[in-house]
Structure formats: structure tokens, C-alpha cells
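So for the sequence shown, our numbering puts the first residue at 265; every next one is plus one. Quick reminder that beta carbons are idealized off the backbone N, C-alpha and C, glycines included. Please read these numbers as outputs of a predicted model, since none were measured by experiment. One structure is given below, encoded as C-alpha cells.
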Amino acid sequence: MNVIKPDEGISQEYRRYGARPWPSARPRVVIIGAGFGGLSSVRALGDKDVDVLVIDRNNYHGFWPLLYQVATAGLEPESVAYPVRAIIRRYSNVSFMMAEVVRIDPVAKLVYTSTTALPYDYLIIAAGSANNYFGNDTLSEHTFGLKDVEDAELLRNTVLANFEYAVSEADPAIRQRLMTLIVVGGGPTGVELAGAFVELVNHVLVHDYPMLDIREARVVLVEAGATLLSSFSPDLQANALARLRKMGVEVRLHTAVAGVEQDRVSFADGSSLDAAVVVWAAGVKGAPLAETLGIQLARGGRISVRSTLNLVDYPEIFAVGDIAYLEDPRVRRQGRGPTPFAMVAPVAVQMGALAARNILAYRYRRELRSFSYFDKGNMATIGRRSAVLEAFGIRLVGYLAWVGWLVVHLMFLVGFRNRVVVFLNWAYSYITYDRGLRLITGYKPEELKPPTPKRVHLHSVKK
Ligand SMILES: Cc1cc2nc3c(=O)[nH]c(=O)nc-3n(C[C@H](O)[C@H](O)[C@H](O)COP(=O)(O)OP(=O)(O)OC[C@H]3O[C@@H](n4cnc5c(N)ncnc54)[C@H](O)[C@@H]3O)c2cc1C
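In C-alpha cells, the structure reads:
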């Protein structure tokens with residue numbers, strides 16, 4: 265590894281990525297992650313008296329709340345992602361490096377990528393989250409995740425290709441397995457995904473595959489707890505459950521997954537279900553980068569932060585968004601046990617902005633501010649034309665909530681082009697019931713072989 269010591273080669277490294285000559289008298293702020301938290305920090309530090317370097321393994325910002333629509337052929341991947349450089353170019357003091365950060369050395373104040381080491385005066389860790397399989401390797405091996413654009417494309421490709429295989433499959437048991445999809449986890453992602461998949465099958469694939477008996481297709485949503493959408497109020501939970509069932513999703517509550525083998529899910533009660541595609545939406549933890557800090561991590565592999573969002577032992581390091589663990593005082597006031605702020609976009613955005621402001625406060629010797637969350641509410645879609653929404657004491661279900669969901673997501677999507685493309689796609693799907701993006705990409709035709717009971721996913725190598 266090409267390690268650069270704190271005072272050697274700095275000018276060279278930063279000149280390569282930086283917008284202005286180096287060394288500079290100004291503090292160097294490195295931001296790891298150009299997601300919701302990282303970009304919010306960029307906006308607050310843009311054109312301020314600091315030099316900012318944003319590092320992300322991808323050259324785009326991903327708008328994950330719409331990822332399930334990529335997986336279900338509703339949107340193209342490009343419309344839920346936006347190039348980071350196009351966002352930061354308006355700020356003269358912000359630079360970008362596309363690289364995987366592999367380690368943070370908080371003592372030497374260095375961030376290591378796979379090729380170099382970069383010094384910082386202040387660090388904002390906004391690296392997000394990863395799937396949590398709770399130590400069960402079979403889950404990571406045999407399930408699909410939905411955490412980035414590649415995951416969504418792989419899922420879409422595999423579901424569509426399985427229907428192609430089903431056409432030439434004579435064995436009814438294998439055919440049914442190919443047309444069965446299980447989503448594990450009844451949170452907003454699981455609910456949205458299951459709803460969108462059942463609509464894809466019932467409104468689109470039914471016409472694409474007249475040679476298949478679509479009644480053999482199954483979309484199953486499995487939840488270990490007693491309700492779906494546990495963060496919503498009971499009447500909205502009940503509404504979501506009823507609506508999903510009406511749409512044709514088989515919802516199984518009180519059903520814990522014990523393990524997943526190739527094409528089969530076994531449950532804690534001893535039963536099992538065959539399915540060619542199993543999606544894991546039942547747990548997230550802090551991004552693995554947190555483990556490299558060499559500090560004791562909080563529950564869920566997240567970085568424990570003070571109320572001012574910096575670390576107790578390293579006050580120049582801030583953690584924001586999904587990777588940060590900060591207890592939510594509102595929950596405590598309600599008499600419930602210690603619960604961290606939820607892993608949702610508004611928390612990441614507000615934390616990112618505060619971390620940036622607190623870095624500027626350090627710079628100008630002002631007092632740091634504590635995080636106080638402005639809760640704008642919760643929402644989730646349940647298929648076409650329906651959603652649940654609670655905000656500012658208002659609870660909505662059905663069409664109005666769905667319109668609210670559309671407006672909010674269009675507003676927060678980054679990039680004018682993306683907003684237009686997404687709006688047109690939604691309008692097209694709404695009017696026609698069709699989804700125009702049913703491409704199976706990235707496969708060679710010879711991979712479309714008749715299925716055998718042993719075959720797993722089309723892509724043998726999964727991340
Ligand atoms: C499918 C899905 C649906 C969701 N739906 C909603 C919703 O409807 N509403 C809502 O509020 N929230 C939703 N969320 C959660 C929301 O997206 C997250 O809470 C939010 O993205 C957290 O922001 P963040 O900045 O912490 O992380 P992210 O936005 O995930 O950004 C992390 C960034 O860090 C980069 N990164 C990670 N590790 C490294 C590394 N080692 N080196 C370099 N770069 C790295 C990643 O590439 C990424 O760009 C959803 C999440 C998913 C996955």
C-alpha cells in the first residue's frame with residue numbers, strides 16, 4: 265500500500281484531487297460517503313473556509329427510497345442515481361475522489377483507500393449501512409439484498425429470467441419455484457417491494473407470458489413480528505396488511521426464517537417454502553468501515569457519537585446517518601428503552617448538516633450544537649395508487665397518501681433530469697399499467713438454459 269505520511273506528499277495527493285493548491289492554511293475536511301448524510305455535509309461546507317474532499321466507492325449519489333422500483337422494472341437505474349461531480353462542481357472548495365475507503369486510522373488522522381492514505385483535520389463518516397444477516401452465512405449466500413443499484417438490477421434480471429426459464433420448464437414443481445419470490449422483512453422496504461412485485465406479476469407478466477399459468481406465481485412477504493410496518497400506528501399497519509393481501513401478496517406474520525438453502529427457505533416452526541428468489545430486507549447494520557476504527561461499536565455495528573455527532577475519544581471525527589448511533593431522546597421520554605435514531609434519509613440529511621456546522625463551529629471557536637431531529641413523518645407505498653403516511657399528527661391511507669408520497673419523492677430526488685424521467689415513467693405506468701423496463705441485461709444468451717433443480721441465481725457471483 266502506498267502510504268503517505270501526514271506531512272509528505274500531501275500537496276501532491278490533494279492537488280491531484282483538490283480544486284485549489286495545497287498545502288493550505290485551511291482545515292482539510294474529508295467526507296466518506298456521498299449519500300444522504302455526506303451530501304448534506306457538502307452543501308453546508310460548500311464555499312466555506314475549509315477544503316473538502318468527498319470519497320465514495322461509486323461516482324454517484326444513490327436515491328435508495330426508489331430502488332425497489334428499479335428492482336421491479338418500474339424505473340431505470342440511472343434515474344435513481346446522480347453523478348457526484350455534477351453536484352459538487354458548483355463549490356470551489358469541494359473535490360471528489362472515487363475510491364473504496366478500507367481503513368481509518370484515528371490516531372494518525374489518516375483515511376486509507378486501496379491505493380493511498382489521505383490526511384484530514386476533520387473527518388465526517390457517512391458510509392451508510394449494510395445488510396445484517398445476524399451471523400447466519402446461509403442468508404448472505406442465498407438471498408438477494410437491496411442496498412445499491414447493482415443489487416436492484418441483479419434482482420430484476422433474475423426475476424425476469426426465471427419467468428423465461430419457467431416457459432420451457434415441464435416440471436410443475438420447478439416451474440412454481442421459478443415463479444415464487446419471497447421477501448423477508450415487513451418494514452417499509454419489504455412492503456413496497458412485495459407490493460410492486462405482485463403488481464408486476466398481475467398486471468404485466470401475466471400478459472407477457474400467456475403460455476404460463478400466472479396463478480402458479482407467488483409473492484410471499486414474511487415477517488417475524490406480529491405486524492408489518494412496526495414504526496407506523498396500528499390502524500395504518502392493519503390497512504397495509506389488508507391492502508397487500510387484497511393485491512395478492514401472501515403475508516405471513518409471526519414467521520421467523522431459520523435458514524435459506526439453495527432455492528428453499530426454512531422457518532423456525534419447521535416448515536419450509538421453495539422459491540428461486542429470496543430477498544433479505546430484515547435487518548441492517550452500520551457499514552463495515554466502522555469496524556476499522558478500532559473502537560467499541562454500539563448496537564448494530566454503528567459508531568456511538570455524542571449529541572454533537574462527534575466521537576468521545578476523537579472529537580475531530582463525526583459520524584452521521586445510518587452509521588451513527590445516537591439515542592433518540594423522544595423515545596426515552598415516551599418511557600421506552602434506549603432506541604437510536606432510525607436509519608432513514610431525513611435523519612442522515614439533518615445529521616450531515618449539523619456535523620458540517622459543528623466543524624465550522626470548531627474552526628471559529630464557537631460552541632457546538634446538539635442534534636435535534638425535526639421529524640417530518642413516515643410513509644410507504646403499497647402498490648399502485650395506495651400508500652400509508654403519517655406526519656405532523658396527520659394519518660392518511662390510500663390515494664391521497666400515495667399522491668403525497670409521489671410529490672415528496674419527486675421533490676427530494678437529486679437532479680432535474682431524474683425528476684422529469686421519473687415523473688414520465690410514473691405517468692406512463694399509471695396510465696398503461698405497463699412497465700417499459702423489463703430488460704434482462706448483462707447475460708449471454710447461452711446462459712438462458714433450461715433450468716435444473718440445482719441452479720441458483722443467474723449470476724453465480726454475488727457481492
Ligand atoms: C431499498 C431502500 C429503501 C429505503 N427507503 C427509504 C425511505 O423510503 N425513506 C427513508 O427515509 N429512508 C429510506 N431508506 C434509508 C435511507 O436510504 C438511508 O437511511 C440513507 O441513505 C442513509 O444515508 P447515509 O448517508 O447514512 O448512507 P447512504 O445514503 O447509504 O450513503 C452511504 C454512501 O457511502 C458510500 N460508502 C460506503 N462505504 C464506503 C467505503 N468503504 N468507501 C467509500 N464509500 C463508501 C456508499 O457508496 C454510499 O454512497 C431506504 C434504504 C434502502 C436501502
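Is residue i helix, strand or coil when you go by DSSP?
{"i": "PRO604", "result": "strand"}
{"i": "GLU414", "result": "helix"}
{"i": "VAL686", "result": "helix"}
{"i": "VAL236", "result": "With the chain covering 265 to 727 only, the question about residue 236 has no answer from this structure."}
{"i": "PRO291", "result": "coil"}
{"i": "SER304", "result": "helix"}
{"i": "PRO370", "result": "coil"}
{"i": "ARG420", "result": "helix"}
{"i": "ASN395", "result": "strand"}
{"i": "LYS510", "result": "helix"}
{"i": "GLU767", "result": "Summary: the structure shown does not reach residue 767, with the chain confined to residues 265 through 727, and so no result is reported for it."}
{"i": "HIS518", "result": "coil"}
{"i": "MET675", "result": "helix"}
{"i": "ILE559", "result": "coil"}
{"i": "HIS723", "result": "Residue placement at HIS723 cannot be trusted, given a pLDDT of 42 that sits under 50; what the coordinates show is reported in the next sentence. Coil at HIS723, not helix or strand."}
{"i": "THR705", "result": "coil"}
{"i": "GLY273", "result": "Residue confidence for GLY273 is low, a pLDDT of 37 falling below 50, so the modelled location carries little weight; the figure read from the coordinates is stated next. In the structure shown, GLY273 sits in coil (DSSP, three-state: anything other than H, G, I, E or B)."}
{"i": "GLU428", "result": "helix"}
{"i": "GLU525", "result": "strand"}
{"i": "GLY564", "result": "helix"}
{"i": "PRO285", "result": "In this prediction, PRO285 has a pLDDT of 43, which is less than 50 and means its spatial position is unreliable; what the coordinates show is noted afterwards. Of the three classes helix, strand and coil, the one that applies to PRO285 here is coil, per DSSP."}
{"i": "LEU493", "result": "coil"}
With distances taken from CA atoms, which of the options is nearest residue i?
{"i": "GLU591", "options": "LEU653, GLY564 and ALA651", "result": "GLY564"}
{"i": "ASP698", "options": "GLN333, GLY302, ALA289 and PHE327", "result": "GLN333"}
{"i": "ARG353", "options": "LEU317, VAL423, THR422 and TYR376", "result": "LEU317"}
{"i": "ALA588", "options": "THR519, VAL667, ILE296 and THR645", "result": "ILE296"}
{"i": "TRP544", "options": "GLU580, VAL447 and ASP499", "result": "VAL447"}
{"i": "LEU424", "options": "ASP472, VAL569, LEU387 and ALA381", "result": "ASP472"}
{"i": "LEU457", "options": "ALA437, PHE680, THR519 and ALA504", "result": "ALA504"}
{"i": "GLY641", "options": "ILE658, PHE408, ARG633 and SER634", "result": "ILE658"}
{"i": "ARG649", "options": "ARG630, GLY547 and SER693", "result": "SER693"}
{"i": "LEU653", "options": "VAL671, SER636, ALA539 and PHE638", "result": "VAL671"}
{"i": "LEU557", "options": "ILE368, PHE496 and ILE695", "result": "ILE368"}
{"i": "PHE605", "options": "THR377, VAL413 and ARG570", "result": "ARG570"}
{"i": "LEU537", "options": "LYS549, VAL521 and GLY547", "result": "VAL521"}
{"i": "ARG621", "options": "ARG307, ALA289 and ARG290", "result": "ARG307"}
{"i": "ALA460", "options": "LEU677, GLY668, ALA651 and SER359", "result": "ALA651"}
{"i": "VAL455", "options": "LEU508, ASP533, ARG596 and TYR626", "result": "LEU508"}
Please classify residue i: is it buried, with 16 or more other beta-carbons within 10 angstroms of its beta-carbon, or exposed?
{"i": "PHE582", "result": "buried"}
{"i": "ALA481", "result": "buried"}
{"i": "PRO383", "result": "buried"}
{"i": "TYR628", "result": "exposed"}
{"i": "GLN560", "result": "exposed"}
{"i": "HIS406", "result": "buried"}
{"i": "GLU463", "result": "buried"}
{"i": "GLY282", "result": "In this prediction, GLY282 scores a pLDDT of 48, lower than 50, which makes its location untrustworthy; no coordinate-derived value is stated."}
{"i": "PRO329", "result": "buried"}
{"i": "SER393", "result": "buried"}
{"i": "ASP435", "result": "exposed"}
{"i": "PRO285", "result": "Low confidence applies here, because PRO285 scores a pLDDT of 43, under 50, leaving its location unreliable and the question unanswered by this model."}
{"i": "THR453", "result": "buried"}
{"i": "MET675", "result": "exposed"}
{"i": "ILE695", "result": "exposed"}
{"i": "TYR663", "result": "exposed"}
Would you give the residue range spanned by the beta strand (DSSP E) that residue i belongs to?
{"i": "LEU660", "result": "658–662"}
{"i": "ARG482", "result": "482–486"}
{"i": "PRO383", "result": "381–383"}
{"i": "GLU654", "result": "651–655"}
{"i": "HIS209", "result": "Here the chain comprises residues numbered 265 to 727, so residue 209 is not present and cannot be evaluated."}
{"i": "LYS549", "result": "548–550"}
{"i": "SER359", "result": "358–362"}
Could you tell me the boundaries of the alpha helix (DSSP H) in which residue i lies?
{"i": "SER212", "result": "This structure gives no information on residue 212, because the portion of the chain shown stretches from 265 to 727."}
{"i": "ILE352", "result": "348–352"}
{"i": "ASP331", "result": "Residue identity differs from the one stated: residue 331 is Leu in this sequence, not Asp. 331–335 is the extent of the alpha helix (DSSP H) around LEU331."}
{"i": "ALA609", "result": "609–627"}
{"i": "VAL455", "result": "452–463"}
{"i": "LEU442", "result": "436–442"}
So residue i and residue j are in contact, right, with Cβ under 8 Å, and what is the actual spacing, rounded?
{"i": "VAL584", "j": "ALA619", "result": "5 Å"}
{"i": "MET732", "j": "GLY647", "result": "No answer is possible for residue 732: the residues shown for the chain start at 265 and end at 727."}
{"i": "GLY616", "j": "GLY326", "result": "15 Å between Cβ atoms; not a contact."}
{"i": "ASN689", "j": "LEU339", "result": "6 Å"}
{"i": "LEU374", "j": "ALA381", "result": "5 Å"}
{"i": "SER343", "j": "ASN682", "result": "5 Å"}
{"i": "ILE623", "j": "VAL314", "result": "7 Å"}
{"i": "VAL611", "j": "TYR637", "result": "6 Å"}
For chain D, find out if any of its Cβ atoms is closer than 8 Å to the Cβ of residue i; answer yes or no.
{"i": "LEU701", "result": "Structure shown: chain D not included; a single protein chain is present."}
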